[in-house]
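One structure below.
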Amino acid sequence: MKTMTRLLLSACLVLPLAACQQEEEVQVVETAPLTAPQTEDRNEWRAYLNDVVGRHMEGIFNQPYVYLVPPRRDDAAEVAAGEADAAEGAEAAEGTTGPELVSQVNEADAEYLRLAERAEMDVARGIVRGNLLAYAGADSDRVADLVVRAFEDVQEDTMDGVRVLFIGDEADNERVQQAVAPAGVEYIFIQK
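So that you can map any letter, position 179 of the sequence shown is 179 in our numbering, and since no number is skipped, the others follow by simple counting.
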């Protein structure tokens with residue numbers, strides 16, 4: 001009888017421990033992908049890029065290179081000049097005068113040139129296997145120009161194992177793909 005009691009007592013103590021050791025199934029809830037912003041808002045673009053780049057990091061071992069390309073401001077300068085003439089030096093409807101808008105245009109162009117130079121230097125320095133390069137922005141044509149410029153002097157098959165994401169319009173896809181293909185990268189086009 002003592003043996004039976006001991007076995008029952010042992011079973012009562014072991015069963016809860018056995019139940020605790022069972023692996024619980026972890027449920028992973030995947031969020032829906034974000035859509036590309038239709039505005040030039042940098043915060044929206046950063047959130048979108050974090051989402052897109054995060055979804056393409058499988059097999060990537062290093063911090064990604066992300067290039068958020070500012071849009072062209074040429075038409076804004078023309079509008080500013082026209083508004084300044086029409087208002088005869090008065091402030092435009094949105095509170096920005098012509099010269100201020102021209103200044104913003106010049107700053108945007110300078111920002112683009114700095115980014116293009118950085119992209120060229122990064123690629124020229126050599127990107128090794130396990131890295132990701134992501135190019136995006138509101139102006140797909142300008143983003144494509146930056147990618148083509150950055151990959152102009154890259155030697156063939158020097159970037160094997162590197163992933164390149166181009167987020168833009170279908171019209172620019174072929175041009176970008178032709179520019180990066182000689183480098184031997186894994187190219188991914190994402191329609192914005």
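We put the CB at the ideal spot given by N, CA and C, even for glycine.
Identify the continuous alpha helix (DSSP H) that holds residue i and give its terminal residues.
i, result
"Ala181", "Where Ala181 is concerned, there is no enclosing alpha helix (DSSP H), given that its DSSP letter is neither H nor E."
"Glu44", "Arg42 to Arg55"
Counting C-beta neighbours from all protein chains within 10 Å, is the total for residue i 16 or more, i.e. buried, or is it exposed?
i, result
"Gly130", "exposed"
"Ala119", "buried"
"Ala171", "exposed"
"Gly168", "buried"
"Gln178", "exposed"
"Asp41", "exposed"
"Asp153", "exposed"
"Asp157", "exposed"
"Phe166", "buried"
With respect to the beta strand (DSSP E) encompassing residue i, which residues constitute its N-terminal and C-terminal limits?
i, result
"Ala138", "No beta strand (DSSP E) holds Ala138; DSSP gives it neither H nor E."
"Ile204", "Outside the shown range of the chain, which is 1 to 192, sits residue 204, and nothing can be said about it."
"Leu68", "Tyr65 to Val69"
"Ile197", "Since the first residue of the chain shown is 1 and the last is 192, residue 197 is not available in this structure."
Do residue j and residue i come within 8 Å of each other at the CB atom, strictly closer than that value?
i, j, result
"Val180", "Val147", "yes"
"Arg163", "Val185", "yes"
"Leu68", "Gly161", "no"
"Ala116", "Arg73", "no"
"Asp122", "Tyr65", "yes"
"Asn173", "Phe151", "no"
Am I right that residue i and residue j are in contact with their C-beta atoms under 8 Å? What's the rounded C-beta distance?
i, j, result
"Ala199", "Met159", "Because the chain is modelled from 1 through 192, residue 199 falls outside the range shown and cannot be assessed."
"Leu113", "Val53", "24 Å between Cβ atoms; not a contact."
"Tyr48", "Ala32", "Not confirmed; about 13 Å, so no contact."
"Glu111", "Pro71", "The pair is not a contact, with the Cβ atoms about 10 Å apart (cut-off 8 Å)."
Is there at least one non-hydrogen atom of the ligand MN closer than 7 Å to the beta-carbon of residue i?
i, result
"Tyr67", "Among the components of this structure there are no ligands whatsoever, and the ligand MN is therefore not found."
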